[in-house]
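A.B. asks:
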Amino acid sequence: MFLSRSSHSSVQLETNPHLKFWVIWSDYEKRVRACCYKWLYSDQDRVEDAMAQACEKALKVYIQDSSQIENMFAWLCRIAHNICMDIHRLNSKESDLVKQANSSSTQFYFTESQSQTLESEYERIHLYQKLMDAINDLPNDLKQVIQYKFIYEMEYSEIANQLQISQENARKRVQLARKKLSALQYV
């Protein structure tokens, strides 16, 4: 926000602390940013994070009670410095944890699980429903074979005994049912 003291009347500045803060912030922002660059070793991303946090924190405090602030630049720098030091502490904790995890890999177990997005969960449920509908639409002899083979995980010989058909016939029925169900892939 580009504001200056001269662009607003002194009455507006005195009665509106929010507006007054933005004028002060615009006056000192470049100098505070330069300090942040120094404290954060010119790391652009961290400087931007620190500046955003400093601005937000300073605005909240300024609006609540600005009468306690004697030197605006020093006050803004102190807020920014504290935030920069918090960022340093957070980064050192993270690097310590990484070092600890790397040095004693037997104590830490990392999984490669990924959470599913809502879209992929919806697609999975939709495909499951289509599969169940397609299985229900199969003729009874094919539906039974699919149930025995994939739900009860029976061998072809067991399916043949259960349905009193040959093993070859059981294989053929499973193959035929699979062929009908595989059409779902392309729907």
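Once you know that position 103 of the sequence shown is 461 in our numbering, the rest is easy, because the numbers rise by one and skip nothing. Virtual Cβ for every residue (Gly too), placed ideally from N, Cα, C. The model shown is predicted, which means the values in this text are computed figures rather than measured ones.
Do S515 and Q525 come within 8 Å of each other at the CB atom, strictly closer than that value?
C.D. replies: The count along the sequence shown starts at 1 and reaches residue 525 at position 167. The count along the sequence shown starts at 1 and reaches residue 515 at position 157. Yes, Cβ-Cβ distance for Q525 and S515 is below 8 Å.
A.B. asks: From R389 to S478, what distance separates their C-alpha atoms?
C.D. replies: Your numbering for residue 389 matches position 31 in the sequence shown. Your numbering for residue 478 matches position 120 in the sequence shown. Going by the C-alpha atoms only, they are around 48 Å apart.
A.B. asks: Just reading off the alpha helix (DSSP H) that Q533 is part of, what are its end residues?
C.D. replies: Reading the sequence shown from its first residue, position 175 is the one you call residue 533. Start and end: Q525 to S540.
A.B. asks: Are the segment 436-447 and the segment 395-408 in contact at 8 Å, needing three or more beta carbon pairs?
C.D. replies: They touch, by the three-pair rule.
A.B. asks: Going straight from the alpha carbon of Q533 to that of I483, what length do you get?
C.D. replies: For this step, residue 533 is matched to residue 175 along the sequence shown. For this step, residue 483 is matched to residue 125 along the sequence shown. Q533 and I483: Cα-Cα distance of roughly 25 Å.
A.B. asks: Spatial neighbours of A412 within its chain, please: C-beta separation below 6 Å, excluding the five flanking residues on both sides.
C.D. replies: Residue mapping note: residue 412 aligns to position 54 of the sequence shown, counting from 1. Contacts found: I437, A438 and I441.
A.B. asks: With C-beta atoms as the reference, is L398 less than 8 Å away from R404?
C.D. replies: Locating residue 398 in the sequence shown gives position 40, where the first residue counts as 1. Locating residue 404 in the sequence shown gives position 46, where the first residue counts as 1. Contact: yes.
A.B. asks: Using a threshold of 8 Å, state whether the C-beta atoms of R531 and D499 are closer than that.
C.D. replies: Within the sequence shown, the letter at position 173 stands for residue 531. Within the sequence shown, the letter at position 141 stands for residue 499. Taking 8 Å as the Cβ cut-off, R531 and D499 qualify as a contacting pair.
A.B. asks: Quick one: using the 10 Å Cβ neighbour count with 16 as the cut-off for buried, is A528 buried or exposed?
C.D. replies: On the sequence shown, residue 528 is found 170 positions in, with the first residue counted as 1. A528 should be labelled buried.
A.B. asks: Between the alpha carbons of C394 and S400, how many angstroms are there, rounded?
C.D. replies: Start at 1 with the first residue of the sequence shown, and residue 394 comes out as number 36. Start at 1 with the first residue of the sequence shown, and residue 400 comes out as number 42. The straight-line gap from Cα to Cα measures roughly 8 Å.
A.B. asks: When you compare only the Cα positions, how much space is there between A459 and N449?
C.D. replies: Against the sequence shown, residue 459 aligns to sequence position 101. Against the sequence shown, residue 449 aligns to sequence position 91. About 15 Å.
A.B. asks: Keeping to the same chain, check which residues put their C-beta closer than 8 Å to that of M512; ignore five residues upstream and five downstream.
C.D. replies: As a working note, residue 512 is residue 154 in the sequence shown. Closer than 8 Å at Cβ, skipping near neighbours: Y506 and Q520.
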